[in-house]
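**Student:** Have a look at this one before I ask anything.
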Amino acid sequence: MSLTIAALDVRLGGRAILSDITLSLERGTLVGLVGPNGAGKTTLLRTLAGSVAPSKGRVDLDGMPLKGISRDTRAKRIAVFFQGAGAGWPMRVRDIVALGRLPHRRAFGGLDGADHAAIDRAMARTDVTRFAERTEPTLSTGERMRVLLARALAVEAEWLLADEPITALDPAHQLDAMTMLRSVALAGTGVVAVLHDITLAARFCDRIVVLGAGRLVADGRPDVALTDRLLADAFGVTACRGAGPDGTAYILPWSRSGPHPEDIDAAFPHQP
Amino acid sequence: MARRSGFAVLTMMLAVSQIWSIAAGMAAPASGGPRHVVSMNLCADELVLRLADRDQVAAVTYLAHDPRGSTVAREAMGIAVTRGLSEEIVALRPDLVVAGAFTTRTTVGLLKRVGFPLLELGVPNDFEGVRAQIRTVAAALGHPARGEAMVADLDARLARVMPAAKPLRALVMRPNAFTVAPGSLGDAVIRAAGLANVAAELGRDRFGQVPLEAAALADADLIVLDEGEPGAPSLADALLHHPVLDALRRQGRTVSIPNRLWTCPGPQVAEVVALLAAAAHQRAAR
Amino acid sequence: MNAPLPPPMRVDRAVVGPRAVVWILGLLVLVLTVASIAVGYAPFDVPAAAGDLIAGRTTLPALVLWELRLPRALLGGLVGFSLGLTGAAMQGYLRNPLADPGILGISSAAALGAVGVFYGGFAASLSLALPLGGIAGAAVAALALNLVAARGGTTLGLILAGVALSSLAGAMTALALNLSPNPYAALEIVFWVMGSLADRSMDHVWLCLPLMALGWGLMLSTARALDALTLGEDTATSLGFHLVSVRLRLVTGAALAVGSGVAVSGAIGFVGLVVPHLVRPMVGARPGASLWPSGLAGAALMLAADLGVRLLAMRPELKLGVVTALVGAPFLIVLLLRERGRGA
Numbered sequence: 503m504s505l506t507i508a509a510l511d512v513r514l515g516g517r518a519i520l521s522d523i524t525l526s527l528e529r530g531t532l533v534g535l536v537g538p539n540g541a542g543k544t545t546l547l548r549t550l551a552g553s554v555a556p557s558k559g560r561v562d563l564d565g566m567p568l569k570g571i572s573r574d575t576r577a578k579r580i581a582v583f584f585q586g587a588g589a590g591w592p593m594r595v596r597d598i599v600a601l602g603r604l605p606h607r608r609a610f611g612g613l614d615g616a617d618h619a620a621i622d623r624a625m626a627r628t629d630v631t632r633f634a635e636r637t638e639p640t641l642s643t644g645e646r647m648r649v650l651l652a653r654a655l656a657v658e659a660e661w662l663l664a665d666e667p668i669t670a671l672d673p674a675h676q677l678d679a680m681t682m683l684r685s686v687a688l689a690g691t692g693v694v695a696v697l698h699d700i701t702l703a704a705r706f707c708d709r710i711v712v713l714g715a716g717r718l719v720a721d722g723r724p725d726v727a728l729t730d731r732l733l734a735d736a737f738g739v740t741a742c743r744g745a746g747p748d749g750t751a752y753i754l755p756w757s758r759s760g761p762h763p764e765d766i767d768a769a770f771p772h773q774p
Numbered sequence: 010m011a012r013r014s015g016f017a018v019l020t021m022m023l024a025v026s027q028i029w030s031i032a033a034g035m036a037a038p039a040s041g042g043p044r045h046v047v048s049m050n051l052c053a054d055e056l057v058l059r060l061a062d063r064d065q066v067a068a069v070t071y072l073a074h075d076p077r078g079s080t081v082a083r084e085a086m087g088i089a090v091t092r093g094l095s096e097e098i099v100a101l102r103p104d105l106v107v108a109g110a111f112t113t114r115t116t117v118g119l120l121k122r123v124g125f126p127l128l129e130l131g132v133p134n135d136f137e138g139v140r141a142q143i144r145t146v147a148a149a150l151g152h153p154a155r156g157e158a159m160v161a162d163l164d165a166r167l168a169r170v171m172p173a174a175k176p177l178r179a180l181v182m183r184p185n186a187f188t189v190a191p192g193s194l195g196d197a198v199i200r201a202a203g204l205a206n207v208a209a210e211l212g213r214d215r216f217g218q219v220p221l222e223a224a225a226l227a228d229a230d231l232i233v234l235d236e237g238e239p240g241a242p243s244l245a246d247a248l249l250h251h252p253v254l255d256a257l258r259r260q261g262r263t264v265s266i267p268n269r270l271w272t273c274p275g276p277q278v279a280e281v282v283a284l285l286a287a288a289a290h291q292r293a294a295r
Numbered sequence: 168m169n170a171p172l173p174p175p176m177r178v179d180r181a182v183v184g185p186r187a188v189v190w191i192l193g194l195l196v197l198v199l200t201v202a203s204i205a206v207g208y209a210p211f212d213v214p215a216a217a218g219d220l221i222a223g224r225t226t227l228p229a230l231v232l233w234e235l236r237l238p239r240a241l242l243g244g245l246v247g248f249s250l251g252l253t254g255a256a257m258q259g260y261l262r263n264p265l266a267d268p269g270i271l272g273i274s275s276a277a278a279l280g281a282v283g284v285f286y287g288g289f290a291a292s293l294s295l296a297l298p299l300g301g302i303a304g305a306a307v308a309a310l311a312l313n314l315v316a317a318r319g320g321t322t323l324g325l326i327l328a329g330v331a332l333s334s335l336a337g338a339m340t341a342l343a344l345n346l347s348p349n350p351y352a353a354l355e356i357v358f359w360v361m362g363s364l365a366d367r368s369m370d371h372v373w374l375c376l377p378l379m380a381l382g383w384g385l386m387l388s389t390a391r392a393l394d395a396l397t398l399g400e401d402t403a404t405s406l407g408f409h410l411v412s413v414r415l416r417l418v419t420g421a422a423l424a425v426g427s428g429v430a431v432s433g434a435i436g437f438v439g440l441v442v443p444h445l446v447r448p449m450v451g452a453r454p455g456a457s458l459w460p461s462g463l464a465g466a467a468l469m470l471a472a473d474l475g476v477r478l479l480a481m482r483p484e485l486k487l488g489v490v491t492a493l494v495g496a497p498f499l500i501v502l503l504l505r506e507r508g509r510g511a
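Residue numbers (my numbering), protein chains in the order written: chain A, 503 to 774; chain B, 10 to 295; chain C, 168 to 511.
Now the structure itself:
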């Protein structure tokens, strides 16, 4: 029931992207993966998905090494959402979401009842049912993102790894998506989402993992992981804190902290 | 840039002046015939090599050396070769150029303008035309007696041929499925052997190619092919080994006559007539 | 849901659609094949000849039917299927609507390989050498293009690479033909560059069929992977597809199918370009679903073009590539204008 990383190092193109990461993730939780630009969040996600091989260290799924698991099994157990260009062809939304059922395909055969039910559920969750018959080029960016998210949900895997799933969405749909991810997590899926919006991450996630310059900087509940000190060091901001009408605490980045005249991209820390 | 175009102009001027000087310096051929004969196509090569003295011939075309395509490959050995280009011909300073009706018009035109003595050979349609052509070439080469001898030889061989009793139907298949058009020399050869040319039946003017379907369905008694193994492969030659022709061969309908005997008019036409007549007798006997 | 239906059938367009399209196209191919057998330069009683053939009587019509009409029709279908299928597979894999074995230079390279083998005399000793030569040429081109595609870049970059490859292969083919000692060789470039099905034999059919079928199998096995690739390589990997295996199967399959086809019929262009576009709206634009229909539509197109060439009664016979180019080149221009309009 766990996805663990031990002493992970990842080098790509000669550069150290991740150094000495140790992480243990459980199903049934919504984990927010945050950090400044270039901290290595997407790479970490891809390593968890198995598409990037670690230079050192290991990734284990339920105690077994990830690379020892067959592609098919891994595809059924881990679903991934990547930002990417949409389909190049004018495919119907329903067909795009149906691609999420490919890991469950049998040798000869189309989609069966269980597949269609899963597709319907996934489309309902991201509120794209009403454009099931529209073709992809006619969708707006936000609508396309929701369709691709539905595709990832349609896999109905044990784990869902999402790379910036709410970036292009309008506020209403952002809230919907976070609520949806939380309910998916509560239903038993392990959800890891790379998020840029600290406010939403702190509000909805059970656990926050902060990366900075390829290292693990903090790991814990939002109020524990996102201290003022950390926000200043890792993100370079100060925050307002308060409580919403229902008593939930919120964090709102407010201004820059300290004398940082240039925007430092964590990927190139030595640039002036 | 200016230097390069200047250089080009200079080269051109040198070339032109050289051509003019050669032309100007040329005397009329001395009695006894020309001493530097250049022939510009295969059929001219064949007649020239057969009728001239070896040291009269300055050059022939590269095709004359191909043993598969030329009937004078042996005679051509050791003779210089051209590809029919103007500069090559001019550099040889010929006192007689023998060309064919289909030789590149621009080359022929240039040679005429420069003033080389030029003999253009046509395409004869019948035996009389062949005889006339042999005589013309022999005369131009200064050996009229040899021409007469060759004609006499041709006639003698033709006389010895016993044409087929029944006019069997013959179809000639050359590379790329070209056949022998009615009214051409090849047609006269077929008739001289006592056969009927199927190409005449095949509807439209069969100047060109015969579709293999038509060739098979024409139900010819004799299909004339070159069945020798090709030297170098080509699709044109491969066509003559198509399975449908192989099947007809197994039915005994084919006769092999080397393709090179059909290419040019000359003394070899008598040989073709003889081969055709012999094949017809064989087939009739079956 | 709706009225009760027998359990195995699904009222779902995504399943019934492509299947119905395949059946219809299959029927069309069958009809055109029969028409192709019935049409030729010398009329004869085809049903009677067929009867003779089956009964084993070696009459002339039966001979013409088996040795000339049947191979021509079969090759039209086989080569057309290969070109259509390869075009659809390449468009799906490269996510590029302009991909086509002709435009990308694969057909020209195959022609070069076949020419090298044929005029070099290797086909005389081993007839299988001819399609193998075509396959080798096609494989080199496909691998080179893969390298270009793998570096990323634009549609335009890939097409230009293909054009360069095509020009180079064409020039080298002309060179090889000129160097051949056989005087007919230099004129035969028209066959290799424009393609023709005239006077082919059953030998040609047996020669190319097994290798082509292998190529088809390899390409068809990537159907689902092509669908997944519409979402990008990372997502396709996460859905369980081994991208290196997919690429290998596609490149090998394309080389086998196109290479053996070109070796027996010359390079016929534009079929692989046009047909996937015609088929795509009927199958919901899924690349994997367009493979079989594109193959069948390619076969239908080739057979129709070949029928046209023979019905035109032009001697010498018009080359097949001319007809496909007359249809395909305007199509390509329209496509390019649409792409520019879309700002691709």
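Built from N, CA and C at the ideal position, the CB exists for glycine as well. As the structure is a computational prediction, the values presented were derived from the model and not from experiment.
1) Excluding sequence positions up to five away, which residues of its chain have a Cβ less than 6 Å from the Cβ of Val719(A)?
2) To the nearest angstrom, how far is it from the Cα of Asn539(A) to the Cα of Asp725(A)?
3) Strictly below 8 Å CB to CB, what residues from chain C border Leu226(B)?
4) Residues in the same chain with beta-carbon distance under 6 Å from Pro443(C), minus the five sequence neighbours each way, listed in chain order, please.
5) If you measure from the beta carbon of Gly399(C) to each beta carbon in chain A, is any gap under 8 Å?
6) What residues of chain A sit near Pro454(C), judged by a beta carbon separation below 8 Å?
7) Report the residues of the stretch 71–93 of chain B with a CB closer than 8 Å to any CB of chain C, ordered along the chain.
8) Taking Asp230(B) as the reference, give the member of Glu210(B), Gly261(B) and Leu221(B) with the closest Cα.
9) Which of the three DSSP states is assigned to Val170(B) in this structure?
10) How would you call Asn345(C), buried or exposed, if buried means at least 16 neighbouring beta carbons within 10 angstroms?
11) Is the CB of Leu235(C) under 8 Å away from at least one CB in chain B?
12) Verify the CB distance criterion: does Asp267(C) have a CB-CB separation below 8 Å to chain A?
13) From the DSSP output, in three-state form, read off Thr691(A) for me.
14) Using a Cβ-Cβ distance under 8 Å, would Ala309(C) count as near chain A?
15) At a Cβ threshold of 8 Å, is Ser642(A) touching chain C?
16) Report yes or no: do three or more beta-carbon pairs, one from the stretch 435–451 of chain C and one from the stretch 398–408 of chain C, lie closer than 8 Å?
17) Relative to the C-alpha of His249(B), which candidate in Val219(B), Arg102(B), Phe111(B) and Val146(B) has its C-alpha closest?
18) What are the residues that DSSP puts in a beta bridge with Asn206(B)?
19) Note down, in chain order, each residue of its chain lying with its Cβ closer than 7 Å to the Cβ of Phe408(C), except the 5 sequence neighbours on either side.
20) Keeping to the same chain, check which residues put their C-beta closer than 6 Å to that of Phe248(C); ignore five residues upstream and five downstream.
21) Measure from the alpha carbon of Leu470(C) to the alpha carbon of each residue in Leu241(C), Leu235(C), Gly223(C) and Gly439(C), then state which is nearest.
22) Where does the unbroken beta strand (DSSP E) through Cys742(A) begin, and where does it stop?
23) Could you tell me the alpha carbon to alpha carbon distance between Ala201(B) and Asp54(B), rounded to whole angstroms?
24) For Met680(A) and Leu378(C), I'd like the C-alpha separation in whole angstroms.
25) In angstroms, rounded to a whole number, what distance separates the CA positions of Gly131(B) and Ala472(C)?
26) Rounded to whole angstroms, what's the CA-CA distance from Ala305(C) to Leu474(C)? Just pull it up for me.
27) Do the CB positions of Val512(A) and Ser557(A) come within less than 8 Å of each other?
28) Return the residue from the list Gly184(C), Leu250(C) and Phe289(C) that minimises the CA-CA distance to Gly426(C).
29) Does Ser388(C) come within less than 8 Å of chain A when only Cβ atoms are used?
30) Listing by chain order, which chain C residues have their CB less than 7 Å from the CB of Pro605(A)?
31) Establish whether the CB of Arg391(C) and some CB of chain A are separated by less than 8 Å.
32) DSSP three-state label for Arg453(C), please.
33) Okay, do the stretch 578–587 of chain A and the stretch 656–667 of chain A touch, 3+ Cβ pairs below 8 Å being the bar?
34) Could you have a look at Gly433(C) and say whether DSSP puts it in helix, strand or coil?
35) Identify, in the order they occur along the chain, each residue of the same chain with its Cβ nearer than 8 Å to the Cβ of Arg367(C), setting aside the five sequence neighbours on each side.
36) Three-state secondary structure (DSSP) at Pro103(B)?
**Tutor:** Based on what the coordinates show:
1) Reading the first sequence from its first residue, position 217 is the one you call residue 719(A). Annotation for Val719(A): Val712 and Ala736 place their beta carbon closer than 6 Å to its own, counting only its chain and skipping 5 residues before and after.
2) The residue labelled residue 539(A) in the question sits at position 37 within the first sequence. The residue labelled residue 725(A) in the question sits at position 223 within the first sequence. So the two alpha carbons sit approximately 22 Å from each other.
3) Counting from one through the second sequence, the residue named residue 226(B) turns up at place 217. Taking a Cβ-Cβ threshold of 8 Å, the residues of chain C close to Leu226(B) are Ala209, Phe211, Leu227, Pro228 and Val231, in chain order.
4) To locate residue 443(C), count along the third sequence from 1; it is residue 276. Answer for Pro443(C): Gly254, Ala255, Gln258, Ser457 and Ser461, listed in chain order.
5) Counting from one through the third sequence, the residue named residue 399(C) turns up at place 232. Nearest CB-CB separation between Gly399(C) and chain A: below the 8 Å threshold.
6) In the third sequence, residue 454(C) corresponds to position 287, counting from 1. For Pro454(C), the residues of chain A that pass the 8 Å Cβ criterion are Trp591, in the order they occur in the chain.
7) Per Cβ criterion, the list reads Leu72, Asp75 and Gly78.
8) The sequence position of residue 230(B) within the second sequence is 221, counting from 1. Answer by Cα proximity: Gly261(B).
9) Counting from one through the second sequence, the residue named residue 170(B) turns up at place 161. Val170(B) sits in coil when the DSSP states are folded into three classes, being neither helix nor strand.
10) What you label residue 345(C) is simply residue 178 of the third sequence in a count that begins at 1. Around the CB of Asn345(C), fewer than 16 other CB atoms lie within 10 Å, so the residue is classed as exposed.
11) If you number the third sequence from 1, residue 235(C) lands on position 68. Cβ-Cβ to chain B under 8 Å: yes for Leu235(C).
12) The residue you call residue 267(C) lines up with position 100 of the third sequence. Cβ-Cβ to chain A under 8 Å: no for Asp267(C).
13) The residue given as residue 691(A) occupies position 189 in the first sequence. Three-state result, Thr691(A): coil.
14) Position 142 of the third sequence holds residue 309(C). Between Ala309(C) and chain A, the shortest Cβ-Cβ separation is not below 8 Å.
15) Locating residue 642(A) in the first sequence gives position 140, where the first residue counts as 1. For Ser642(A), not one C-beta of chain C is nearer than 8 Å to its own C-beta.
16) These segments do not touch.
17) Working through the second sequence from its first residue, we reach residue 249(B) at position 240. Reading off the sequence shown, one finds Leu at residue 249(B), where the question assumed His. Check the Cα spacing between Leu249(B) and each of Val219(B), Arg102(B), Phe111(B) and Val146(B): the tightest is with Val219(B).
18) Counted from its first residue, the second sequence places residue 206(B) at position 197. Asn206(B) is bridged to Ala179(B).
19) As a working note, residue 408(C) is residue 241 in the third sequence. Excluding the 5 residues flanking it on each side, Phe408(C) has same chain C-beta neighbours closer than 7 Å at Ala392 and Ala395, in chain order.
20) For the purposes of this step, residue 248(C) is taken as residue 81 along the third sequence, with counting starting at 1. Excluding positions up to five away in sequence, the list reads Gly462, Gly465 and Ala466.
21) As a working note, residue 470(C) is residue 303 in the third sequence. The candidate whose alpha carbon is nearest that of Leu470(C) is Leu241(C).
22) Sequence index remark: in the first sequence, residue 742(A) carries index 240 (1-based). From DSSP, the beta strand (DSSP E) with Cys742(A) extends over Val739 to Ala745.
23) Numbered from 1 along the second sequence, position 192 holds the residue referred to as residue 201(B). Numbered from 1 along the second sequence, position 45 holds the residue referred to as residue 54(B). Across the structure, Ala201(B) and Asp54(B) are spaced so that their CA atoms are roughly 26 Å apart.
24) The residue labelled residue 680(A) in the question sits at position 178 within the first sequence. The residue labelled residue 378(C) in the question sits at position 211 within the third sequence. C-alpha of Met680(A) to C-alpha of Leu378(C): approximately 53 Å in a straight line.
25) Position 122 of the second sequence, counted from the first residue, corresponds to residue 131(B). Position 305 of the third sequence, counted from the first residue, corresponds to residue 472(C). It is roughly 41 Å from the alpha-carbon of Gly131(B) to the alpha-carbon of Ala472(C).
26) Position 138 of the third sequence, counted from the first residue, corresponds to residue 305(C). Position 307 of the third sequence, counted from the first residue, corresponds to residue 474(C). Distance between the alpha carbons of Ala305(C) and Leu474(C) is about 28 Å.
27) Position 10 of the first sequence, counted from the start, is the residue given in the question as residue 512(A). Position 55 of the first sequence, counted from the start, is the residue given in the question as residue 557(A). Ser557(A) is positioned such that its CB atom lies closer than 8 Å to that of Val512(A).
28) Looking up residue 426(C) in the third sequence gives position 259. Out of Gly184(C), Leu250(C) and Phe289(C), Leu250(C) has the C-alpha closest to the C-alpha of Gly426(C).
29) Translated into positions along the third sequence, residue 388(C) becomes position 221. False, the Cβ-Cβ gap to chain A never drops below 8 Å.
30) Taking the first residue of the first sequence as position 1, residue 605(A) is located at position 103. Result: Leu406 and Gly407.
31) For the purposes of this step, residue 391(C) is taken as the residue at position 224 of the third sequence. Arg391(C) counts as touching chain A.
32) The sequence position of residue 453(C) within the third sequence is 286, counting from 1. Note: Arg453(C) maps to coil in three-state DSSP.
33) With the cut-off at 8 Å, the stretch 578–587 of chain A and the stretch 656–667 of chain A touch.
34) The residue you call residue 433(C) lines up with position 266 of the third sequence. Looking at Gly433(C) - three-state DSSP - the assignment turns out to be coil, as it is neither helix nor strand.
35) Counting from 1 along the third sequence, the entry for residue 367(C) is found at position 200. The residues are Pro238, Arg239, Leu242, Val431 and Ser432.
36) Taking the first residue of the second sequence as position 1, residue 103(B) is located at position 94. Reduced to three states, the DSSP call for Pro103(B) is coil.
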